[in-house]
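Q: The structure follows.
Residue numbers (the numbering used here), protein chains in the order written: chain A, 86 to 294; chain B, 1303 to 2036; chain C, 49 to 315.
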């Protein structure tokens, strides 16, 4: 119940939260109080809710960390950046994309086949069942987010960054996460803040669809 | 898809604040999950768009389209750029293709009849069982009958395998067959293929009832040509002569009403003026006129002598003739209700003759012969004209003809043939009837076995464009999505049936894909085939100037004396109006009325959606004592239909015009029990010389039904009966 | 009740030109998207209408919606009758959001859900809209549509929905966007390739579908674009020009050969 509400509620910055809470306190009416409670919950929803439980306990710290596999090796929708603003590796999807089961099997048909989590992947492969991952980073339907311009802008601003460092700007240090969780609010204020700092477009229509 | 509704949150919050029960308002479960592909299809990434060239094989003229797919789902249809028929463009029907593809009321699985024929009671069965039923019944059949639409290319070759082995018969059913136009073109020009009418380069187009911008032959092709035709500074002029204003008529610079059936007489009047005033500036009109009877015969059609019959004033005829001959190259075409008369063939011949008279044959802006169909991919078989369908029905009913097994694919003759032909009853005389299509229709509902056909976007195929756009064009079809139903393609079913029935002479291909590839090999050769094949699929087909254009006959094989007076079904004292049925841009003769976008597409002239209406001149309506939105009965000598009155200022006073396409018992939730089927009420008269249905030759009377029912129109006109009060809006929850 | 003499004493209203108003087309380095609609080429075939419905996830216009005049068509073809039988004519006019430079809808929105963007587009931010419908009432072209119902597509029809365009929920106003998702996509692609957007590269769904090329779309800030050239045609006019809305859509008058002589005589 609480989780579903968190997902529903507007995501607010701490400043907005203080203003609204203050307003609520001043008005103080009985009818307003539950509303404020919900907004507070909403703020929680907008920040960090902890990593969700995934159907397969995939460990990024092993793959991206220890094994040092590049992000784009599995997330094939990411345009590859070679220390410059040149985006290579078209076709490029708007989304980074969750890898297919087939891709896991490239390695796991031979690697660590005895591990119970890997066997889950093998089972999905053999039965042809898609794996239903739980989304960690989710933007509302009315947001037209495309990875490519963001990655190119970051590559241009930080020529020395590796792809992993670029990804970490929004996704955090995934290579050190056992379970991936959201580290940034990724609400409109968060987007706008970054757009302002980097002189990126602030026109509503650039992101809202 | 709707995202998290902030509004819904507020509703929830308000409910909570008000102390009411908290409503469940969680984010859609599916949005918090993300599925991974098991296999990653080649060149495919989740969320990435891919465009595939394919075709709506049954579209008029043969257009190639590209379909945008994302994650294996078809999203949008656009025309294939460069494809010479439609040049990257589409019409409403092409655009609406995806909604037929994903229509929830499609046939999803084979069905076996449960009740008596025609009551639409079926039980779902599997394909193995369906194929067993097919082989059992077609194996014992003497000479099976296969009825299809105007199919061409590999479908025809696959069908030929079956027919050769089974000694079966193939009939082609078309809702409005082109036999009359084809025969007229043969008489006047000597062509056996439909010629190319070069509208784009014409200086003047004189059209006798041909709605080339809406529904005639290849409307997308002609519309692209019309865009060029209207390009300034040349800007060609369009004169439309017809008995009911079509979409093309609405766009004409001059629109002229002609009494139904007298189009040929008017054409000859125009010819007479051209000859008498020597409007071509030379004597080029002399030879063709001489060949069809000479100037004396033509003089009998001087404007003064025909005015009473045609209803066109002599001065107007002279103006038309001057306008037409004065803007070379001048192109004359004929179609629609001008040809759907008992004398329709001669009307068409007289109209097409004008091209020879002004000398615009064989050149740009005129009528040109089309190249023949390429080797390896046969062109479409000519449609079986209406009189043969009537004869078949009569034969079946009187026992002189027997059919053990019949296979109907993607056609609906029970809907399209007049009730007086008794085709539905004749169907009952056939021992075993199989119907195949994407939706249930009036014919399929009377079958013993119904097979779900794949949508054109789900199957392999090819087609030969007819009429060709002045070049040899073969279009290719590939599946752009996997079918969400348990449907199979016609070709695959035919191949399975043939190899099952005739194991000694199996067809050379096992799947439709193999057969299409094989046909392509004949077209582009063995060398570098794989690359050429990919190129075919990428570009949507192959086109080239084409060899083997038919030569134009030296002289027209027609005579002015052949033009007869039109005959009409119904006594003029009892039936005082001409009933003119017409096709609508949205779903033509009704084959795609199951599609809600097409149902909701306004008829361009009246802006009516979703129903059948009767177009009446305001003066006629007043005389009959009816107004807009009144329900009327339209009686013909063969039946009655109900429609709502639309008072149109462009409707001729002696005509009631009714759109074709509604009035179905079977189909989807969007087209069943909606409006009326005007085709059923027509008299079964044929066009002399071509055998097509003379669908414009039935008289009718209109009487009020005493009810009224608001027309769903885009235009805002107050209902004259409810005093300007807006209709009540249904308040719904949700 | 004011008499004639009373009104004569009232201060004279400033001429329209002197009224304080924003420049409808402020100078920008960017694009100013516009369209030209040639009424002489539009046949009224409705291809644009269905193309738009398909591209932009418009809800089904059921029969009752049409009767209640709640049908939504971001682009519609208006048909006008001229004259009486037997000289009656039908005229077609495609009408969509005019993306006005002086948009009456923008000033009335209490929550800034609709605004003018730097590319000259009139933008509707759906998730900001609270459904007052002030904008729809202010629009002289009646091209803003309110969602009275939650849109529904019986499964599997929802598979057709375009992921680039959001589905509008009940209670908000929606309208033509000039297919802004296509514009944004093309701009991104051009940016990636390090080149400007070429003329004719962006085609809204209606423009793409139009078989006679009666609709032309492009950048009005590019003086070489087809749309700029056509908008200077002698036949050019704006819809309800007298309102001063400065639309981004220019119409080209239908040519009527029977009137050509008269006009020439008049000049």
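Cβ coordinates follow ideal geometry from the N, Cα and C atoms, glycine included.
For residue 1912(B), which residues in chain C fall below 7 Å Cβ to Cβ?
A: Taking the first residue of the second chain as 1, we reach residue 1912(B) at position 610. Result: 111, 114.
Q: If you follow the beta strand (DSSP E) that residue 1786(B) is part of, which residue opens it and which one closes it?
A: As a first step, residue 1786(B) must be located in the second chain, where it is residue number 484. Per DSSP, residue 1786(B) belongs to no beta strand (DSSP E) and is neither H nor E.
Q: Does the segment 1550 to 1559 of chain B come close enough to the segment 1573 to 1583 of chain B to have 3 or more Cβ pairs within less than 8 Å?
A: Result no; under three Cβ-Cβ pairs closer than 8 Å.
Q: Do you know how far the Cα of residue 275(C) is from the Cα of residue 1637(B)?
A: Taking the first residue of the second chain as 1, we reach residue 1637(B) at position 335. Taking the first residue of the third chain as 1, we reach residue 275(C) at position 227. When rounded, the distance between both Cα atoms is 36 Å.
Q: Is DSSP giving residue 1516(B) helix, strand or coil here?
A: Indexing the second chain from 1 puts residue 1516(B) at position 214. Of the three classes helix, strand and coil, the one that applies to residue 1516(B) here is coil, per DSSP.
Q: Is it a yes or a no for the segment 1637 to 1651 of chain B touching the segment 1452 to 1467 of chain B, going by three-plus beta-carbon pairs under 8 Å?
A: At 8 Å Cβ cutoff, the stretches do not touch.
Q: Quick check on the DSSP output: the beta strand (DSSP E) that includes residue 139(A) runs from which residue to which?
A: Locating residue 139(A) in the first chain gives position 54, counting from the first residue. Where residue 139(A) is concerned, there is no enclosing beta strand (DSSP E), given that its DSSP letter is neither H nor E.
Q: Does chain B have any CB closer than 7 Å to the CB of residue 157(A)?
A: The count along the first chain starts at 1 and reaches residue 157(A) at position 72. So no, residue 157(A) is outside the interface.
Q: When the cut-off is 7 Å and only beta carbons count, does residue 293(A) lie next to chain C?
A: By 1-based counting over the first chain, the position of residue 293(A) is 208. Yes, residue 293(A) counts as interfacial toward chain C.
Q: What in chain B is Cβ-close to residue 187(A), meaning under 8 Å?
A: Position 102 of the first chain, counted from the start, is the residue given in the question as residue 187(A). Those within 8 Å of residue 187(A) in chain B are 1339, 1340, 1341, 1342.
Q: Output the residue ranges of the beta strand (DSSP E) runs that lie fully inside the segment 165 to 199 of chain C and measure 3 residues or longer, sorted by chain position.
A: Counting whole runs of 3 or more residues, the segment 165 to 199 of chain C contains the beta strand (DSSP E) stretches 170 to 172.
Q: Would residue 1337(B) and residue 137(A) be called neighbours here (beta carbons separated by less than 7 Å)?
A: Indexing the second chain from 1 puts residue 1337(B) at position 35. Indexing the first chain from 1 puts residue 137(A) at position 52. For residue 1337(B) and residue 137(A), no; Cβs fall outside 7 Å.
Q: State the beta-bridge partners of residue 80(C) as determined by DSSP.
A: Position 32 of the third chain holds residue 80(C). Paired residues: none, contrary to the question.
Q: Enumerated in chain order, which unbroken segments of the alpha helix (DSSP H) with a length of 4 residues or greater are wholly contained in the segment 1502 to 1588 of chain B?
A: Counting only runs of 4 or more, we get 1521 to 1531, 1549 to 1553, 1565 to 1578.
Q: Residues in its own chain within less than 7 Å of residue 275(A) by CB, not counting five upstream and five downstream?
A: Along the first chain, one-based indexing puts residue 275(A) at 190. Result list for residue 275(A): 269, in chain order.
Q: May I ask you to report which of helix, strand or coil DSSP gives residue 129(A)?
A: As a working mapping, residue 129(A) is identified with position 44 in the first chain. Any reading at residue 129(A) needs caution, since the residue's pLDDT is 48, under 50, leaving its predicted position unreliable; the model's value is listed next. In the structure shown, residue 129(A) sits in a helix (DSSP, three-state: H, G or I).
Q: So, for residue 1479(B): in the same chain, excluding its five sequence neighbours on each side, which residues have a beta-carbon less than 8 Å away from its beta-carbon?
A: Taking the second chain and counting its residues from 1, the one referred to as residue 1479(B) is at position 177. Here the set comprises 1685, 1686, 1687, 1688, 1994, 1995.
Q: So what does DSSP say about residue 1429(B), is it helix, strand or coil?
A: Position 127 of the second chain, counted from the first residue, corresponds to residue 1429(B). Here residue 1429(B) sits in helix by DSSP.
Q: Suppose the cutoff is 6 Å on Cβ atoms and the five residues either side in sequence are ignored; what does the same chain contact list for residue 1584(B) look like?
A: Numbered from 1 along the second chain, position 282 holds the residue referred to as residue 1584(B). Counting only Cβ-Cβ distances below 6 Å, and skipping sequence neighbours, we find nothing.
Q: According to DSSP, is residue 1949(B) helix, strand or coil?
A: Here residue 1949(B) corresponds to residue number 647 of the second chain, with the count starting at 1. DSSP places residue 1949(B) in strand when its eight states are reduced to three.
Q: Can a CB atom of chain B be found closer than 7 Å to the CB of residue 236(A)?
A: By 1-based counting over the first chain, the position of residue 236(A) is 151. Residue 236(A) does not count as touching chain B.
Q: Answer yes or no: does any C-beta atom of chain B fall closer than 7 Å to that of residue 257(C)?
A: As a working mapping, residue 257(C) is identified with position 209 in the third chain. Taking Cβ atoms only, chain B reaches closer than 7 Å to residue 257(C), which makes this a yes.
Q: Could you spell out the range, first to last residue, of the alpha helix (DSSP H) harbouring residue 1610(B)?
A: Residue 1610(B) sits at position 308 when you count from the first residue of the second chain. Where residue 1610(B) is concerned, the enclosing alpha helix (DSSP H) stretches over 1605 to 1612.
Q: What would DSSP say about residue 1773(B), mapped onto helix, strand or coil?
A: Along the second chain, one-based indexing puts residue 1773(B) at 471. DSSP places residue 1773(B) in coil when its eight states are reduced to three.
Q: Give a yes or no on whether 7 Å exceeds the smallest Cβ distance from residue 140(A) to chain E.
A: Given the protein chain composition of this structure (A, B and C), no chain E is represented.
Q: DSSP three-state call for residue 224(A): helix, strand or coil?
A: Against the first chain, residue 224(A) aligns to sequence position 139. It is coil, neither helix nor strand.
Q: Measure the CB-CB distance between residue 1802(B) and residue 1437(B) and report whether it falls below 7 Å.
A: Translated into the one-based positions of the second chain, residue 1802(B) becomes position 500. Translated into the one-based positions of the second chain, residue 1437(B) becomes position 135. Yes, the pair counts as a contact, with Cβ atoms nearer than the cut-off.
Q: Can you say whether residue 160(C) is buried or exposed, counting buried as having 16 or more other CB atoms within 10 angstroms of its CB?
A: Along the third chain, read from residue 1 onward, the residue named residue 160(C) stands at position 112. Label assigned to residue 160(C): exposed.
Q: With 16 other CB atoms within 10 Å as the buried threshold, where does residue 324(C) fall?
A: Outside the shown range of chain C, which is 49 to 315, sits residue 324(C), and nothing can be said about it.
Q: Establish whether the CB of residue 1349(B) and some CB of chain A are separated by less than 7 Å.
A: Taking the second chain and counting its residues from 1, the one referred to as residue 1349(B) is at position 47. Judged by the 7 Å Cβ criterion, residue 1349(B) is in contact with chain A.
Q: What are the residues of the segment 188 to 205 of chain C that lie near chain B, defined by any Cβ-Cβ distance shorter than 9 Å?
A: If the cut-off is 9 Å between Cβ atoms, the segment 188 to 205 of chain C has 196, 197, 198, 199, 200, 201, 202, 203, 204, 205 near chain B.
Q: Grab me the residues of residue 231(C)'s own chain with a C-beta within less than 6 Å of its C-beta, minus the 5 sequence neighbours each way, in chain order.
A: Here residue 231(C) refers to the residue found at position 183 when the third chain is read from its first residue. These residues qualify, in order along the chain: 250.
Q: Residue 1738(B) lies in the beta strand (DSSP E); which residues open and close that run?
A: Taking the second chain and counting its residues from 1, one reaches residue 1738(B) at position 436. Per DSSP, residue 1738(B) belongs to the beta strand (DSSP E) from 1734 to 1739.
Q: What are the residues that DSSP puts in a beta bridge with residue 1366(B)?
A: Here residue 1366(B) refers to the residue found at position 64 of the second chain. DSSP lists 1357(B) as partners of residue 1366(B).
Q: Looking at the structure shown, is residue 2037(B) part of a helix, part of a strand, or coil, going by DSSP?
A: Residue numbering for chain B in the displayed model covers 1303 to 2036; residue 2037(B) lies beyond these limits and cannot be assessed.
Q: What's the call for residue 54(C), buried or exposed, on a 16-neighbour Cβ count within 10 Å?
A: Counting from one through the third chain, the residue named residue 54(C) turns up at place 6. With a pLDDT of 46 at residue 54(C), under the threshold of 50, the modelled position of this residue cannot be trusted; read the value that follows with caution. Exposed: under 16 other Cβ atoms inside 10 Å.
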